[in-house]
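**Student:** In order, the protein sequence lines correspond to chains V and Z.
Residue numbers for the first sequence, in my numbering: 1 to 343.
Residue numbers for the second sequence, in my numbering: 344 to 923.
By construction, the Cβ of each residue, glycine as well, lies at the ideal position given by its N, Cα and C atoms.
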Amino acid sequence: MTRGVAIEHVSFSYGANLIIDDVSLDIAKGEFFAFLGPSGSGKTTLLRLIAGFGIPSSGRILINENDVTHLPPWSRNVGMVFQNYALWPHMTVAKNVAFGLERRRLPRAEIARKVAAVLELVGLAEFADRRPAQLSGGQQQRVALARTLVIEPTVLLLDEPLSNLDAKLRVEMRSELRQLQQAVGITTVYVTHDQEDANAVADRIAVLDRGRIQQVGTPVQLYDHPASRFVAGFLGTANMIDGQVQADGRFVADGFVVDSVGGTAGPAAISVRPQDITIGPAGTGIAATVTSREFLGSVTRYRIRLGSNDLTVDVPHRRDVVPFAIGDAVGVVIDPHQTALLR
Amino acid sequence: MSTTTVATGQAPRFSLAARYGASVPQVIAMVAVALFLLAFLVVPILRVIQVAFTHPDGGFTLVHFGDFFRTQLLREAFWNSIYVATMTVVVASLIAVPLATILSRFRFRGAALIHTLGVVPLVMPPFVGAVAMQLIYGRNGTINLLLMDWFGFRIPFMEGLNGVIFVEALHYFPFILLNLSASLANIDSAMEESAQNLGAHGFTLFSRIVFPLAMPGYIAGAALVFVKVFDDLATPLLLNVNTMLAPQAYLKITSVGITDPMGYVISVIMVLCSVGGLALSTLFLRGRDFSTQQRGGGGLSQRELRRGGRIAAIAFVIFAVALSLSPHIGIFLLSIGTVWSFAVLPDGYTFVHYETIYREAGPLISNTVLYCGLAGLIDVVLGATVAYIVLRTRLPGRRLVEQVAMSAVAIPGLVLGIGLLRTYHDVSLPISGESLATFWFMLVIAYAVRRLPYALSAATAALRQVHLSLEEAAESLGAGKFTTLRRVVVPLMTGGLLAGFVTSFATAAVELSATLMLVTRVGDAPLAYGIYVYMQSAAGRGPGAALGVIAVVVVAIATFISYRIAEHERSLKARVGAFS
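1) Should V10 of chain V go down as buried or exposed, given a rule of 16 or more other Cβ atoms within 10 Å for buried?
2) Just how far apart, CA to CA, sit E502 of chain Z and P441 of chain Z?
3) Restricting to Cα atoms, I'd like to know which of Z:V862, Z:I774, Z:L757, Z:I721 is closest to A748 of chain Z.
4) So which residues on chain Z does P72 of chain V lean against when the C-beta distance must stay under 8 Å?
5) Count Cβ pairs between the stretch 534-541 of chain Z and the stretch 472-491 of chain Z that sit closer than 8 Å; are there 3 or more?
6) Which same chain residues, not among the five before or five after G716 of chain Z, have their C-beta less than 8 Å away from its C-beta?
7) Using three-state DSSP, classify T148 of chain V as helix, strand or coil.
8) Is it true that the CB of I19 of chain V sits closer than 9 Å to the CB of G211 of chain V?
9) From A167 of chain V to I277 of chain V, what distance separates their C-alpha atoms?
10) For the beta strand (DSSP E) holding A345 of chain V, just list the boundary residues, first then last.
11) Taking the Cβ atom as the reference point for each residue, do P399 of chain Z and P604 of chain Z lie within a distance shorter than 9 Å?
12) Give me the DSSP bridge partner(s) of E294 of chain V.
13) Alpha helix (DSSP H) containing A253 of chain V: first to last residue?
14) Determine, using beta carbons only, whether R348 of chain V comes closer than 9 Å to chain Z.
15) Quick one: does S550 of chain Z have its CB under 9 Å from some CB of chain V?
16) Measuring only the C-alpha atoms, how far is V385 of chain Z from V758 of chain Z?
17) Hey, could you find the ends of the alpha helix (DSSP H) M605 of chain Z is sitting in?
18) With H, G and I counted as helix, E and B as strand and the rest as coil, what does DSSP make of E160 of chain V?
19) Is there a Cβ from chain V that is less than 9 Å from the Cβ of P555 of chain Z?
20) In chain order, what residues of the same chain lie with their CB nearer than 7 Å to the CB of F408 of chain Z, ignoring the 5 residues before and after it?
21) Measuring CA to CA, which of V:L222, V:V330, V:L156 is closest to A238 of chain V?
22) If the cut-off is 7 Å on Cβ atoms, which residues from the stretch 519-534 of chain Z count as contacting chain V, listed in chain order?
23) When DSSP labels each residue in this structure, what does H337 of chain V get in the three-state scheme?
24) Kindly indicate the opening and closing residues of the alpha helix (DSSP H) around E703 of chain Z.
25) May I ask you to list the residues that DSSP assigns as paired with M240 of chain V?
26) Measuring only the C-alpha atoms, how far is T347 of chain Z from V367 of chain Z?
27) Which residue or residues does DSSP assign as beta-bridge partners of F509 of chain Z?
28) For my contact list, A51 of chain V and Y190 of chain V are in at a C-beta cut-off of 8 Å; report their separation, rounded to the angstrom.
29) Taking only beta-carbon atoms, is T187 of chain V less than 9 Å away from chain Z?
30) Would you tell me roughly how many angstroms separate the C-alpha atoms of D867 of chain Z and E698 of chain Z, rounded to the nearest one?
31) Do we get a CB-CB distance below 9 Å when we pair L630 of chain Z with the residues of chain V?
32) Use the C-beta contact count for Y85 of chain V: other C-beta atoms within 10 angstroms, 16 or more gives buried, fewer gives exposed.
33) Locate the beta strand (DSSP E) running through V5 of chain V, then write down its first and last residues.
34) Give me the Cα-Cα distance between I438 of chain Z and H514 of chain Z, rounded to the nearest whole angstrom.
35) Take T92 of chain V and list the residues in its own chain whose beta-carbon comes closer than 8 Å to its own, dropping the five residues that flank it on each side.
36) Since L890 of chain Z and I874 of chain Z are thought to touch, with beta carbons under 8 Å apart, how far apart are those beta carbons, to the nearest angstrom?
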């Protein structure tokens, strides 16, 4: 893989706080990569380090194999879209977009042509003479994107770009973002705390927590094979069941056994998604009791008590199927193939 | 919401509540405020304008204006006033702009202290500082005596117009410092970072991004300085500079008499210049309130300075602080000095001036407390009323009342004084037969009108923080309009109103322009007038300085209190914000 961005053993502290703790990461050229994590996980700090806002206390950052660790932000040619867009209120849309090109001392005609082209690309050609305050949130977002793309940066950095938009616009914008990135073919790093956003747009995701990378993988890999409780819990809903792996590969929990989980013997936990547990009439599997029920539309979500474990189970909703009632005895089947073993 | 019934029992043609969201008491309150403004602001100013355009035999004429521009002295006064106001803005900017930039841009130990010191000049009325500055920077003052001894030359800091410019610039530069600092602090750090990200740094970053974004604050501060300087009567008088508009108007009215039209013509020209200055700045600021368009805030990213830069910055800060404190130090030395003339420092030190003040100045101080206290009270009541009517009702004309109240900012105190004098000169009080214009309460009214914009802004800000839902919650729990006002709105506004009161009080205590016009008996005079009278004679300078120190202490304490109240309010608001 050709590396677009390489982060090598980067640490960063702010005062006595270690914000980034020995992070190493390779991002392929042309890849759409997401940093996913809760607030305070260090994801934005890491993005800002790539942009040059802050110098790592140790480690190196390479862009297209050039060491940029000590370059100031204005010499890096990486484009960053800020969370609040940071459009300059005293300039028109066209002036905002032209700014980076003017810094690069392009001829005036060339600047005008490129500004027009990129505004066309983001569908704002007729808004060139407006002030940012006269635009909607989604339009401002597009201007910010155009302003960044027009300088043809080596890397596009997006800091929570959708967080200021309403739910419907978010979904629209993120598919637009993805299409735009594919069309331009630019290496992109996207910071978000929203797993749905990350899953929807990213080729690969790095999950961060407390300044460390927890796991790197494609959205499906992370969902199906979480490497830790944190990853399993952060990406979607997961039941975490503590128990023991036996020498024969069986997983023994309080009151029930899951066959052929595999792995080495010893204390462990399995994670299983709510839709991967089936419940049927009493006597069909492991005995359990329904403790609560919520109708969520596409699924009915049950809480069931199984030994000392409380599990969440989603049952797809079908018309005319009589749901289980609270207190009903049910039989539970857990498909070992759909479980992930956590240590 | 309760429906309104008209007290006379007639069926109301329409419901006030339904159409304007207002009740009868609110309408009465608004009418009362409007009448007050009409009587003591609009009519007096219109009267001034009318006299300026009236021919001796009664008809409309421009002949007085012709006379004005034909008179060499007045033309000179006009250009001098424009020159002094403009140059004051320039000199004040030379101090304030570097100071604001240094303080907001670079990490600095003691930055907060310097910010506080930067505001100190405002607590001393400029005419008080003027006397001290003569002694320090004058032809035979401390600095020039030293320069003469060491290098054999003098710098004419205080000669003629220079003196006025210097005194005013030292007094008013904090307006630019405060506004510019606020503007700089409001710049979202992402504004700067995104420019760096796109390749800008150094001077480009400053000239294309930081400077344009901070410009509104600078312009607002500069316009304020311009208007204030135009307005100031006492400083040129004390420095013996009479060829400016304000002293000319004052001298015409006091020496020739209130029937001489020239004083009114000068007044009209002063109002036009003042309004023009403010209008220009408003025009420039239109659509440039960037602070509301930036979401992040947090100010510029602060940087470490390199060694050379650090030394230069510290040297400048020390210079600026020393400069801005020098009038205070001077006035203090003068107040405890025996004789200070043709000398670097006073010859000896004594408390005799304070003893003199203790014997003589009692009425001055009690008058000040009485007048300014009453004026502050009137301002708070009027300010809160107008704020409430503007924000909570849809009564027609409410915006007009607000704008008229705010327009007092653009009216020089001298002009208001002349207007009140002219309008109420022939109205005599029922029992004593004294003229209403020279009755002491007219001073209270003049102060109240002059400071109403401050109190109104404070009240509006305070009421904005009281979310309508808090009132609706009280009403839904059964409280009537009045109970809601008393139990919910007023308590929540108390801090803001108190701050408005203190600001009105403190600034009225050092008001001299209108005071000089309206005081006729020393027994009715407030502190500022007393200082002015003392400072007229060489023997009175010591006691005058002692009074000045007292005024400074009073204003400083008041300013500190209002600052603490504002801080407390802000922390309360922040806590409430955390819940919402």
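**Tutor:** Working from what's here:
1) buried
2) 26 Å
3) Z:I721
4) Q539, H544
5) no
6) F848
7) helix
8) yes
9) 30 Å
10) In the structure as shown, chain V begins at 1 and stops at 343. Residue 345 of chain V is therefore absent and cannot be evaluated.
11) yes
12) V:R301
13) Looking at the DSSP string, A253 of chain V is not in any alpha helix (DSSP H); the run it does join, the beta strand (DSSP E), is 251-253.
14) Outside the displayed range of chain V (1 to 343) lies residue 348 of chain V, so it cannot be described from this structure.
15) no
16) 12 Å
17) 604-628
18) coil
19) yes
20) V608
21) V:L222
22) D531, A533, M534
23) helix
24) 695-703
25) V:S271
26) Confidence is the limiting factor: at T347 of chain Z the pLDDT is only 44, short of 50, which leaves the residue's position unreliable and the question unanswerable from this model.
27) According to DSSP, F509 of chain Z bridges with nothing at all.
28) That pair is no contact at about 13 Å.
29) no
30) 22 Å
31) Correcting the residue type first, residue 630 of chain Z is Gly in the shown sequence and not Leu. Chain V contact via Cβ: present.
32) buried
33) 3-14
34) 11 Å
35) A128, D129, R130, R131
36) 5 Å
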